[in-house]
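In what follows, a single structure is set out as structure tokens and then discussed.
There are 2 protein chains.
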Amino acid sequence: MWRTILLSAAALALAVFALEWLEYRFWARTIGIEAFIAIVGAACIALGIWLGVRLTRQAPPAPFQRNDAALASLGITPREYDVLLAMTAGDGNKAMARTLGVSPNTVKTHIARLFDKLDVSSRVQALERARLLRLIPGTGDAQGDMADSRPHPDG
Amino acid sequence: MWRTILLSAAALALAVFALEWLEYRFWARTIGIEAFIAIVGAACIALGIWLGVRLTRQAPPAPFQRNDAALASLGITPREYDVLLAMTAGDGNKAMARTLGVSPNTVKTHIARLFDKLDVSSRVQALERARLLRLIPGTGDAQGDMADSRPHPDG
DNA sequence: CGCCCGATCACCCATTGGGGTGACGACGGG
DNA sequence: CCCGTCGTCACCCCAATGGGTGATCGGGCG
């Protein structure tokens, strides 16, 4: 960001020297000093727009940053957080246990603790609350032709 | 958007006339023509940056618009959609039945049909897919001090 | 009119999920 | 050293869920 600003300053200085190179006096006499300044102004405005666009398009695709404060505030342990992430896949306890390399009973225990700490009583509620607290990323970014990939053969 | 561009053109024209008003000749003789042009260029760059920033920040607050195409493509009926929305609350079938004013068995049937049409096998997966297809709004917009509202009295 | 479809409800059944309790090894701080 | 915490696992219990089948009723359409 600041790099871009410094770049703009450098570009401005360059433009001043470019004036000499362009022999502005010649152009000023040929097309008039006002027109010359107007052209310079237009060029600078274009440069500014480019800079402005460049400066503002950085944050939008925020890659999601976890709310560690809430995580600590709720006393959610790292392992419980792993289970929470695994829960987002919508799989059953058995599948989660396999992916985490533990017993289904352990997964159940972690989920029970999560429910207690998140103050909920179902997986859906837990995920909703976790998303609300920015513990896990929100879904639904990629889209497109998927809607047509299953033209509903049944009723 | 185009309004802004037209505004910029008007601003440029105004600037040209402003040159006269500023008696650029006086300033040009006082501080040198290069410096004067540089100042004008800087002002124009600032204007351009402002324009660029203004041009690029408009869309973000998209209030979510339902993907009726996908809805129809999957053959999801209005009632089934109601059930889908009720499912987002994370309540059980009994509670959903109460809010929808039908029998729990009916809710079960609708959910089974939804699972079939969405090609999933659990509530979490159904909601994830529904969000992916923009059938229901994504959660997690409002946030703030909620993270501190439960300073984890337990372990 | 007869048919199909959406909506509603009922029933059965096996699996899963939620809730509770107990236990054990490891690790770190008082 | 002892205690608390974390991670792991086991067991029980019961309600909820997922899956399947069948039935009724009303409305739209050929």
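In the order they appear, the protein sequences are chains H and R.
According to our numbering, the first sequence is numbered sequentially starting from 116.
According to our numbering, the second sequence is numbered sequentially starting from 116.
Yeah, the Cβ is synthetic: ideal placement off N, Cα and C, and Gly gets one too.
- Item | Cross-chain neighbours of R/V239 in chain H, by beta carbon under 9 Å | Position 124 of the second sequence, counting from 1, holds the residue named residue 239 of chain R. Within 9 Å Cβ-Cβ: M202, T203, A204, G205, D206, R238, V239, L242.
- Message: Please report the distance separating the alpha-carbon of R/D231 from that of R/R249.
- Response: As a working note, residue 231 of chain R is residue 116 in the second sequence. As a working note, residue 249 of chain R is residue 134 in the second sequence. Looking at the two C-alpha atoms, the distance is approximately 18 Å.
- Message: Quick check: is the beta carbon of R/D263 nearer than 8 Å to any beta carbon in chain H?
- Response: As a first step, residue 263 of chain R must be located in the second sequence, where it is residue number 148. With a pLDDT of only 36 at R/D263, under the threshold of 50, the placement of this residue in the model should not be trusted; the figure read from the coordinates follows. Cβ-Cβ to chain H under 8 Å: yes for R/D263.
- Message: If contacts are defined as beta-carbon pairs under 8 Å, then R/T203 and H/T171 qualify, I think. What distance do you get, rounded to the angstrom?
- Response: Here residue 203 of chain R corresponds to residue number 88 of the second sequence, with the count starting at 1. Here residue 171 of chain H corresponds to residue number 56 of the first sequence, with the count starting at 1. So it is not a contact: roughly 33 Å between Cβ atoms.
- Item | Backbone secondary structure at H/P178 - three-state DSSP | Counting from one through the first sequence, the residue named residue 178 of chain H turns up at place 63. Coil at H/P178, not helix or strand.
- Query: Are the C-beta atoms of R/I164 and some chain H residue less than 8 Å apart?
  - Reply: The residue you call residue 164 of chain R lines up with position 49 of the second sequence. Closer than 8 Å: yes.
- Would you mind giving the Cβ-Cβ distance between R/A212 and R/P219, rounded to the nearest angstrom? I have them listed as a contact below 8 Å. To locate residue 212 of chain R, count along the second sequence from 1; it is residue 97. To locate residue 219 of chain R, count along the second sequence from 1; it is residue 104. That pair is a contact at about 4 Å.
- Item | Given R/I251 as reference, the closest of R/G167, R/D183, R/A150 once Cα atoms are compared | Counting from one through the second sequence, the residue named residue 251 of chain R turns up at place 136. Considering only alpha carbons, the answer is R/D183.
- Out of R/L129, R/W142, R/S237, R/A241, point me to the one whose CA is closest to R/I191's CA. As a working note, residue 191 of chain R is residue 76 in the second sequence. Ranking R/L129, R/W142, R/S237, R/A241 by Cα distance to R/I191 puts R/A241 first.
- Task: Rounded to whole angstroms, what's the CA-CA distance from H/G147 to H/A157? Just pull it up for me.
- Result: By one-based count along the first sequence, residue 147 of chain H stands at place 32. By one-based count along the first sequence, residue 157 of chain H stands at place 42. Whole-angstrom Cα-Cα distance: 15 Å.
- Which residues in the same chain as H/I164 place their Cβ atom closer than 6 Å to its Cβ, once the five residues preceding and following it in sequence are excluded? Within the first sequence, the letter at position 49 stands for residue 164 of chain H. If we look at H/I164 and ignore the five residues flanking it on each side, it has no Cβ neighbours.
- Query: Assuming H/L215 and H/V222 make a contact with CB atoms under 8 Å, what is their CB distance in whole Å?
  - Reply: Numbered from its first residue, the first sequence carries residue 215 of chain H at position 100. Numbered from its first residue, the first sequence carries residue 222 of chain H at position 107. That belief holds up - the Cβ atoms of H/L215 and H/V222 are roughly 7 Å apart, short of 8 Å.
- Compute the beta-carbon to beta-carbon distance between H/S237 and R/G205, rounded to the nearest angstrom, for a pair I have assumed lies under 8 Å. As a position in the first sequence, residue 237 of chain H is number 122, starting the count at 1. As a position in the second sequence, residue 205 of chain R is number 90, starting the count at 1. 5 Å between Cβ atoms; contact.
- Query: Cβ atoms of H/L233 and H/L189: under 8 Å apart, would you say?
  - Reply: As a first step, residue 189 of chain H must be located in the first sequence, where it is residue number 74. As a first step, residue 233 of chain H must be located in the first sequence, where it is residue number 118. Closer than 8 Å, so yes.
- Query: Does the separation of the CB atoms of R/V239 and H/V235 fall below 8 Å?
  - Reply: In the second sequence, residue 239 of chain R corresponds to position 124, counting from 1. In the first sequence, residue 235 of chain H corresponds to position 120, counting from 1. Not a contact, by the Cβ cut-off of 8 Å.
- Item | Neighbour list for H/T171 in chain R, Cβ cutoff strictly below 8 Å | Taking the first sequence and counting its residues from 1, one reaches residue 171 of chain H at position 56. Per Cβ cutoff of 8 Å: G167, V168, T171, R172.
- Assign H/L248 to one of three DSSP states: helix, strand, or coil. Within the first sequence, the letter at position 133 stands for residue 248 of chain H. H/L248 falls in the coil class under three-state DSSP.
- Item | Under 8 Å between C-beta atoms of R/L186 and H/I160 | Counted from its first residue, the second sequence places residue 186 of chain R at position 71. Counted from its first residue, the first sequence places residue 160 of chain H at position 45. Their beta carbons are not under 8 Å apart, which means R/L186 does not touch H/I160 by this criterion.
- Is R/D206 helix, strand or coil when you go by DSSP? Your numbering for residue 206 of chain R matches position 91 in the second sequence. Here R/D206 sits in coil by DSSP.
- Message: Could you compute how far the alpha carbon of H/D197 sits from the alpha carbon of R/Q180?
- Response: Indexing the first sequence from 1 puts residue 197 of chain H at position 82. Indexing the second sequence from 1 puts residue 180 of chain R at position 65. So the two alpha carbons sit approximately 33 Å from each other.
- Item | Per-residue burial, H/R144 [other beta carbons within 10 Å of its own, 16 or more giving buried] | In the first sequence, the residue the question calls residue 144 of chain H occupies position 29. Classification for H/R144: exposed.
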